[in-house]
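**Student:** Sequence lines, in order, name chains A and B.
When you line the first sequence up against this note's numbering, it's residues 343 to 770, in that order.
When you line the second sequence up against this note's numbering, it's residues 343 to 770, in that order.
Protein chains: 2
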Amino acid sequence: MMQLYKYPSRVEYAEIVKRASVDYTSIKEIVAEIIADVKANGDTAIRTYAEKFDKVVITDIEISRKQLIDLSAGLDIGLKNAINQAIKNISTFHAAQKEQFRPIETTPGVTCWRNSLPIQKVGLYIPGGSAPLFSTLLMLATPAKLAGCKDVIVCTPPNKDNKIHPAIAYAALQVGVDKVFAVGGAQAVAAMAFGTNTIPKVDKIFGPGNNYVTVAKILLAAEGVAIDLPAGPSELAIIADVSCNAAFVAADLLSQLEHGPDSQVLLITDSEQVLDDVLTQVCIQIETLPRKDIVLQSLKNSKTILVNTLEEGMELANEYAPEHLIIACKKDERLASMVVNAGSVFLGNYSPESAGDYASGTNHTLPTNGYAKAFSGVSLDSFMKKITFQKITREGLDSIANTIETMAIAEGLQAHANAITIRIKETK
Amino acid sequence: MMQLYKYPSRVEYAEIVKRASVDYTSIKEIVAEIIADVKANGDTAIRTYAEKFDKVVITDIEISRKQLIDLSAGLDIGLKNAINQAIKNISTFHAAQKEQFRPIETTPGVTCWRNSLPIQKVGLYIPGGSAPLFSTLLMLATPAKLAGCKDVIVCTPPNKDNKIHPAIAYAALQVGVDKVFAVGGAQAVAAMAFGTNTIPKVDKIFGPGNNYVTVAKILLAAEGVAIDLPAGPSELAIIADVSCNAAFVAADLLSQLEHGPDSQVLLITDSEQVLDDVLTQVCIQIETLPRKDIVLQSLKNSKTILVNTLEEGMELANEYAPEHLIIACKKDERLASMVVNAGSVFLGNYSPESAGDYASGTNHTLPTNGYAKAFSGVSLDSFMKKITFQKITREGLDSIANTIETMAIAEGLQAHANAITIRIKETK
Chain A
343 MMQLYKYPSR
353 VEYAEIVKRA
363 SVDYTSIKEI
373 VAEIIADVKA
383 NGDTAIRTYA
393 EKFDKVVITD
403 IEISRKQLID
413 LSAGLDIGLK
423 NAINQAIKNI
433 STFHAAQKEQ
443 FRPIETTPGV
453 TCWRNSLPIQ
463 KVGLYIPGGS
473 APLFSTLLML
483 ATPAKLAGCK
493 DVIVCTPPNK
503 DNKIHPAIAY
513 AALQVGVDKV
523 FAVGGAQAVA
533 AMAFGTNTIP
543 KVDKIFGPGN
553 NYVTVAKILL
563 AAEGVAIDLP
573 AGPSELAIIA
583 DVSCNAAFVA
593 ADLLSQLEHG
603 PDSQVLLITD
613 SEQVLDDVLT
623 QVCIQIETLP
633 RKDIVLQSLK
643 NSKTILVNTL
653 EEGMELANEY
663 APEHLIIACK
673 KDERLASMVV
683 NAGSVFLGNY
693 SPESAGDYAS
703 GTNHTLPTNG
713 YAKAFSGVSL
723 DSFMKKITFQ
733 KITREGLDSI
743 ANTIETMAIA
753 EGLQAHANAI
763 TIRIKETK
Chain B
343 MMQLYKYPSR
353 VEYAEIVKRA
363 SVDYTSIKEI
373 VAEIIADVKA
383 NGDTAIRTYA
393 EKFDKVVITD
403 IEISRKQLID
413 LSAGLDIGLK
423 NAINQAIKNI
433 STFHAAQKEQ
443 FRPIETTPGV
453 TCWRNSLPIQ
463 KVGLYIPGGS
473 APLFSTLLML
483 ATPAKLAGCK
493 DVIVCTPPNK
503 DNKIHPAIAY
513 AALQVGVDKV
523 FAVGGAQAVA
533 AMAFGTNTIP
543 KVDKIFGPGN
553 NYVTVAKILL
563 AAEGVAIDLP
573 AGPSELAIIA
583 DVSCNAAFVA
593 ADLLSQLEHG
603 PDSQVLLITD
613 SEQVLDDVLT
623 QVCIQIETLP
633 RKDIVLQSLK
643 NSKTILVNTL
653 EEGMELANEY
663 APEHLIIACK
673 KDERLASMVV
683 NAGSVFLGNY
693 SPESAGDYAS
703 GTNHTLPTNG
713 YAKAFSGVSL
723 DSFMKKITFQ
733 KITREGLDSI
743 ANTIETMAIA
753 EGLQAHANAI
763 TIRIKETK
């Protein structure tokens, strides 16, 4: 069912950590057409694609505040409470990421500082349809509002009645989203990039989606549109030793695999017994899952790896650079200190990945596909820019003038040197 | 010479802030070919393109430490001292950007934190040839080393003798770059993205370059390769009032315009007198410039704008989102507090842009082309990833269990809920 690697050598790591590559070429052209159409025809194009792809005649592109309230009204109180607790924890964790303002005098009279300022307009794409990802709305809109973004807009696909899912409506109201549009797919992404009569142009686009959404983000990013992260299938690595609970590990593994047929798990352990026990548990637990068919497919992408030591396992995990990493080992904290590449890390037996997906407070928008080697997950920073400032006194400029002039002239930039010389000469 | 806008209405802002769009389509195909060739043929392709584009037969792709020392030996002592002072100030400013480790208990028993960890391998592209940008090497390699990146490599074009510029050699040694390669152009970028026998594959690519380099970075970024920033011509906005020194403002304006024929300046003022005085000074100072021809061209892209109030000027500047913003006004600090979109801001009469280009300590790799609305300049963060961690106790999990289960089930993800239920059931 899963591929097994027994005590692989370092040379084999490259093979083990390889992901299936996703080929978007077949839809690139159609997505480029959608983008061009939305750019040229705005709302008219939005309506055309809603009919074509979502099979719905859109009356209202924007879902009014009143509609949001009406939709929310019917939502189960238990789910409302759950959403509220999640918002509280996500807010607590992200609010602590605010940076202190701190001027630095690099040389007497030369004072430099950074200000973190909100990106003014952000657009969040939230998948709807069969699985309405209201949790993703919480993960994106909560830090956006904390950052102080002026306009936080959401696009999410309409259902057959030109409505959106009640949980998305409730989440949007609770977090304080400014506008919600019932628009899905590549056309929604294009609308937020260029603006239409109804949907405002934003400065940065966030959120996951199907292949059309992904390709739209790739194409627009190449034109300079800011996006959150490059996309890829969700994935998890688990490092487990004999201190783990095999049933818990199996449950975590299955929770990852139910995302989609292209999801992937790596189970790394130093114990053959753990391996056997987890696989047994997988076979038992899989039977009860409504998404069993998906799991059976994604299991095929998944791998179990027996390693000599847990440290070796950490090396392999770092090479893989997983989106999620669970360390279900006795020495979890020591191993966590060895993490070099990962999106989000879960320590011990009571930190399942689904805690981070929903309610512990960390963000669930994370780098997949090995991107964790260079990219961070979404955080408060993702909704802010850091602008540098400097104020130099006459004396401060004197003390670095010669350095600037010398370097500018060596780079062949005389006018750069002149801007210093003319100031220094003034009172000499 | 420059276009003049007198008291434009808000509606005219869109026209004023418009940049000339750069069309790369003509070279996209050739760059894609270079990338594919380097990916397939590695060092052989590197040598081919060095002969073709740089007119040099490469003997050594890597410049050895001994060669770097030999090249540096001949460098003027004044320039060495200048480079050393610049490194000191850049280090001071960027070292202060290190984040404190701070665990957050979002709910009793639910502890989350972020660790900033260095990107392991970074590649810096440094333009050489006529203008060897050793200052850019300082701006990229200094924070890379401070961040703790394990491998910091540099690619810079070879000269006719298969050597590199002595100032680049000296800067590389002083900052502690790990390896230097005499390779330029799109082939250098491709080599760092995929690795060759000689040049290691890196996790993120930094640095400016000609159109080939820019297009290579765009094409590779679309494949998921991490890059620093989207590129565009350099630009400056100056807000000046009667308290400014017109000669200083003219010098700053010219320092920006000498970068290239596509550079751009916006001069915004509430005083017709300032406007006249600055333009007079431009006419005087331009005569002495070695790069006068370039300046005469870039002046044509530049604009002067008379505004009713300085606050209105700040609104226009925010709409423009300039790479560099000089505020040469009496109330510079009050206006600086109104900045919403900019790369780097310079306050008062003694903070010329060239200070930030070389030696005040701030970074000069900044967002151009309006990207400052969503992107930050290069900083210590650019060389790090922020990884979230969480450790939840059994009691902590109890207190968020219901929330996670409820949300997971509402999203149709039963296995996500199971990962919680199986743990909570354990001792109930």
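In this text, a Cβ means the ideal position worked out from N, Cα and C, and glycines have one as well.
Interface residues of chain A around F435 (chain B) at Cβ under 7 Å?
**Tutor:** Position 93 of the second sequence holds residue 435 (chain B). Here the neighbours are I446, T448, C454.
**Student:** Please list the partners that D594 (chain A) has in chain B, where partner means a Cβ-to-Cβ separation under 8 Å.
**Tutor:** As a working note, residue 594 (chain A) is residue 252 in the first sequence. Ordered by position in chain B, the residues that pass the 8 Å Cβ test against D594 (chain A) are A761.
**Student:** Determine whether the Cβ of G465 (chain B) lies closer than 7 Å to any Cβ atom of chain A.
**Tutor:** Here residue 465 (chain B) refers to the residue found at position 123 of the second sequence. It does not; no Cβ of chain A falls within 7 Å.
**Student:** Let me know if C491 (chain B) comes out buried or exposed under the rule of 16 or more other beta-carbons within 10 Å of its beta-carbon.
**Tutor:** Position 149 of the second sequence holds residue 491 (chain B). Buried: at least 16 other Cβ atoms inside 10 Å.
**Student:** Could you have a look at F435 (chain A) and say whether DSSP puts it in helix, strand or coil?
**Tutor:** Residue 435 (chain A) sits at position 93 when you count from the first residue of the first sequence. It is helical.
**Student:** Counting only beta-carbon separations shorter than 7 Å, does A483 (chain B) have a partner in chain A?
**Tutor:** For this step, residue 483 (chain B) is matched to residue 141 along the second sequence. Not one chain A Cβ lies under 7 Å of A483 (chain B).
**Student:** Since E600 (chain A) meets chain B, which of its residues come closer than 8 Å, beta carbon to beta carbon?
**Tutor:** Start at 1 with the first residue of the first sequence, and residue 600 (chain A) comes out as number 258. Near E600 (chain A) (Cβ distances below 8 Å), the residues of chain B are L755, Q756, A757, H758.
**Student:** Would S605 (chain B) and P575 (chain B) qualify as a contact pair, given that the criterion is a beta-carbon distance under 7 Å?
**Tutor:** The residue given as residue 605 (chain B) occupies position 263 in the second sequence. The residue given as residue 575 (chain B) occupies position 233 in the second sequence. Cβ distance < 7 Å, so S605 (chain B) and P575 (chain B) count as in contact.
**Student:** Determine the extent of the alpha helix (DSSP H) in which E393 (chain A) is found, giving its start and end residues.
**Tutor:** Along the first sequence, one-based indexing puts residue 393 (chain A) at 51. Segment 385-395, the alpha helix (DSSP H) holding E393 (chain A).
**Student:** Name, going along the chain, the residues of the stretch 547-558 of chain A whose beta-carbon falls closer than 8 Å to a beta-carbon of chain B.
**Tutor:** If the cut-off is 8 Å between Cβ atoms, the stretch 547-558 of chain A has nothing near chain B.
**Student:** The alpha helix (DSSP H) with A511 (chain B) in it runs from where to where?
**Tutor:** As a working note, residue 511 (chain B) is residue 169 in the second sequence. That run of the alpha helix (DSSP H) goes 508-517.
**Student:** Using a Cβ-Cβ distance under 7 Å, would F395 (chain B) count as near chain A?
**Tutor:** The residue labelled residue 395 (chain B) in the question sits at position 53 within the second sequence. No, F395 (chain B) lies away from the interface with chain A (no Cβ there is under 7 Å from its Cβ).
**Student:** Rank A:A670, A:K422, A:D594 by C-alpha distance to the C-alpha of I764 (chain B) and give the top, closest one.
**Tutor:** Sequence index remark: in the second sequence, residue 764 (chain B) carries index 422 (1-based). Out of A:A670, A:K422, A:D594, A:D594 has the C-alpha closest to the C-alpha of I764 (chain B).
**Student:** Do V544 (chain A) and K463 (chain A) come within 7 Å of each other at the CB atom, strictly closer than that value?
**Tutor:** Here residue 463 (chain A) refers to the residue found at position 121 of the first sequence. Here residue 544 (chain A) refers to the residue found at position 202 of the first sequence. It is a contact, given that the beta carbons lie within the stated cut-off.
**Student:** Assign K487 (chain A) to one of two classes, buried (16 or more other C-beta atoms within 10 Å of its C-beta) or exposed (fewer than that).
**Tutor:** The sequence position of residue 487 (chain A) within the first sequence is 145, counting from 1. It counts as buried.
**Student:** Could you compute how far the alpha carbon of A750 (chain A) sits from the alpha carbon of D583 (chain A)?
**Tutor:** To locate residue 750 (chain A), count along the first sequence from 1; it is residue 408. To locate residue 583 (chain A), count along the first sequence from 1; it is residue 241. For A750 (chain A) and D583 (chain A), the distance between alpha carbons rounds to 59 Å.
**Student:** Determine the direct distance from the alpha carbon of T651 (chain A) to that of D635 (chain A), and round the result to whole angstroms.
**Tutor:** Along the first sequence, one-based indexing puts residue 635 (chain A) at 293. Along the first sequence, one-based indexing puts residue 651 (chain A) at 309. Their backbone Cα atoms lie some 34 Å apart in a straight line.
**Student:** Is V687 (chain A) close to chain B, meaning its C-beta is less than 7 Å from at least one C-beta of that chain?
**Tutor:** Position 345 of the first sequence holds residue 687 (chain A). Taking Cβ atoms only, chain B reaches closer than 7 Å to V687 (chain A), which makes this a yes.
**Student:** Name the residue from A:L689, A:I762, A:K559 whose alpha carbon lies nearest to the alpha carbon of R736 (chain A).
**Tutor:** Reading the first sequence from its first residue, position 394 is the one you call residue 736 (chain A). Here the closest residue by C-alpha is A:I762.
**Student:** Among B:E675, B:V720, B:E653, B:D619, which residue has its Cα nearest to the Cα of E665 (chain B)?
**Tutor:** The sequence position of residue 665 (chain B) within the second sequence is 323, counting from 1. E665 (chain B) has its Cα closest to that of B:V720, out of B:E675, B:V720, B:E653, B:D619.
**Student:** Using a cut-off of 7 Å between C-beta atoms, extract the partners of I764 (chain B) located in chain A.
**Tutor:** In the second sequence, counting from the first residue as 1, residue 764 (chain B) sits at position 422. What I764 (chain B) touches in chain A: A589, F590, A593.
**Student:** Can you look up L677 (chain B) in the DSSP assignment and give me helix, strand or coil?
**Tutor:** Counted from its first residue, the second sequence places residue 677 (chain B) at position 335. Looking at L677 (chain B) - three-state DSSP - the assignment turns out to be helix.
**Student:** Can you list, in chain order, the residues of its chain with a C-beta nearer than 8 Å to that of H758 (chain A)? Leave out the 5 residues immediately preceding and following it.
**Tutor:** Reading the first sequence from its first residue, position 416 is the one you call residue 758 (chain A). So the qualifying residues of the chain are I746, A750.
**Student:** Which chain B residues sit within Cβ distance under 9 Å of T611 (chain A)?
**Tutor:** In the first sequence, residue 611 (chain A) corresponds to position 269, counting from 1. Near T611 (chain A) there are no residues of chain B at all, since even the closest Cβ is about 18 Å away, more than 9 Å.
**Student:** Going along chain B, which residues have a C-beta under 8 Å from Q462 (chain A)?
**Tutor:** Here residue 462 (chain A) is taken as the residue at index 120 of the first sequence, counted from 1. The contacting residues are V682, N683, K715.
**Student:** Distance check for S718 (chain B) and V364 (chain B), CA to CA, integer angstroms please.
**Tutor:** Position 22 of the second sequence, counted from the first residue, corresponds to residue 364 (chain B). Position 376 of the second sequence, counted from the first residue, corresponds to residue 718 (chain B). Approximately 21 Å, taken between the alpha carbons.
**Student:** Would you kindly report the start and end of the unbroken beta strand (DSSP E) that includes K463 (chain B)?
**Tutor:** Here residue 463 (chain B) is taken as the residue at index 121 of the second sequence, counted from 1. Element bounds for K463 (chain B): 463-467.
**Student:** Are the stretch 682-700 of chain A and the stretch 727-742 of chain B touching, with three or more C-beta to C-beta distances below 8 Å?
**Tutor:** Yes, they touch.
**Student:** Could you list the residues in the stretch 536-547 of chain A with a C-beta less than 7 Å from some C-beta on chain B, going in chain order?
**Tutor:** Under the 7 Å Cβ criterion, the stretch 536-547 of chain A contributes D545, K546.
**Student:** Under 7 Å between C-beta atoms, does A486 (chain B) make it to chain A?
**Tutor:** Residue mapping note: residue 486 (chain B) aligns to position 144 of the second sequence, counting from 1. Chain A, which has no Cβ nearer than 7 Å to the Cβ of A486 (chain B), makes this no.
**Student:** Got a sec? Which residues, its chain only, sit under 8 Å from M481 (chain B) by beta carbon, not counting five neighbours each side?
**Tutor:** Taking the first residue of the second sequence as 1, we reach residue 481 (chain B) at position 139. Excluding sequence neighbours, M481 (chain B) sits near I432, N705, H706, T707, V720.
**Student:** For C357 (chain A), report the span of its alpha helix (DSSP H) as first-last.
**Tutor:** Taking the first residue of the first sequence as 1, we reach residue 357 (chain A) at position 15. Reading the sequence as shown, one finds Glu at residue 357 (chain A) and not Cys. Here the alpha helix (DSSP H) through E357 (chain A) covers 355-358.
**Student:** For the putative contact between V682 (chain A) and L561 (chain A), defined by C-beta atoms under 8 Å, what is the C-beta separation to the nearest angstrom?
**Tutor:** On the first sequence, residue 682 (chain A) is found 340 positions in, with the first residue counted as 1. On the first sequence, residue 561 (chain A) is found 219 positions in, with the first residue counted as 1. Actually they do not touch by this definition, with Cβ atoms about 32 Å apart.
**Student:** If you check the beta carbons only, do V380 (chain B) and Q529 (chain B) fall under 7 Å apart?
**Tutor:** For the purposes of this step, residue 380 (chain B) is taken as the residue at position 38 of the second sequence. For the purposes of this step, residue 529 (chain B) is taken as the residue at position 187 of the second sequence. Yes, they are a contact pair.
**Student:** What first and last residue would you give for the beta strand (DSSP E) that runs through P499 (chain A)?
**Tutor:** On the first sequence, residue 499 (chain A) is found 157 positions in, with the first residue counted as 1. Per DSSP, P499 (chain A) belongs to no beta strand (DSSP E) and is neither H nor E.
**Student:** Assuming the contact rule is C-beta atoms closer than 8 Å, A714 (chain A) and G685 (chain A) should be a hit. Round their C-beta distance to whole Å, please.
**Tutor:** Counted from its first residue, the first sequence places residue 714 (chain A) at position 372. Counted from its first residue, the first sequence places residue 685 (chain A) at position 343. Yes, A714 (chain A) and G685 (chain A) are in contact; Cβ-Cβ is about 5 Å, under 8 Å.
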